[in-house]
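Below is one structure; the comments refer to it alone.
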Amino acid sequence: MRSSTREDGLMFDLATDSHSIALIRQFWESAKIVSTVCHGTAAILNVKLSNSSFLLSNTPVNGFANSEEDETNSSGGKYEKASANWASHVVVAKDGRLLTGRNPESAKNLAKVILNKLNT
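Residue numbers for the sequence shown follow full-length UniProt numbering, beginning at 1 and rising by one.
What follows is the structure in structure tokens.
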């Protein structure tokens with residue numbers, strides 16, 4: 001796997017990396033929180049669970065807009081838009097264990113949601 005600090009590493013490498021997909025599936029099926037923000041949502045697009053359904057199937061989800069929106073919908077996810085461009089928007093789905101944020105502005109609010117979930 002190629003390592004990259006730019007968003008293209010997440011968009012292309014992690015979205016198709018079998019090790020990444022397996023790790024995310026293992027986290028999910030072990031009842032752990034799975035969380036992404038911005039372009040990171042691409043890393044969960046191809047995650048199939050043991051029952052062969054996509055993790056995102058029939059699930060509200062968020063991430064950076066445009067092509068991610070199309071890809072999310074192709075995995076059965078239901079992309080939720082923010083109220084305005086660059087506005088913070090966090091989606092809490094699947095019994096509070098799938099947490100996604102739209103953009104870098106969402107990171108702080110997403111972190112608060114994660115901390116709240118970990119402390120309950």
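Using N, Cα and C, we set each Cβ at its ideal position, and we do this for glycine too.
For Ser57, same chain residues with a beta-carbon under 7 Å away, outside a window of 5 residues either side, are Gly76 in chain order. Leaving aside the five residues that flank Arg25 on each side, the residues in its chain whose CB is nearer than 8 Å to its CB run, in chain order, Val47, Lys48, Leu49, Ser50, Leu55. At a cut-off of 4 residues, not a single continuous stretch assigned as alpha helix (DSSP H) sits fully inside the region 27-65. Sequence-distant Cβ neighbours of Ser88 in its own chain, meaning closer than 6 Å and more than five residues away, are Glu105, Ser106, Asn109. Val90 is bridged by DSSP to Gly101. In this structure, the beta-carbon distance from Leu23 to Ala42 does not fall below 8 Å. Collapsing the DSSP output to three states places Lys78 in a strand.
The alpha carbon of Gly63 has as its nearest neighbour, out of Ser52, Lys112, Ile44, the alpha carbon of Ile44.
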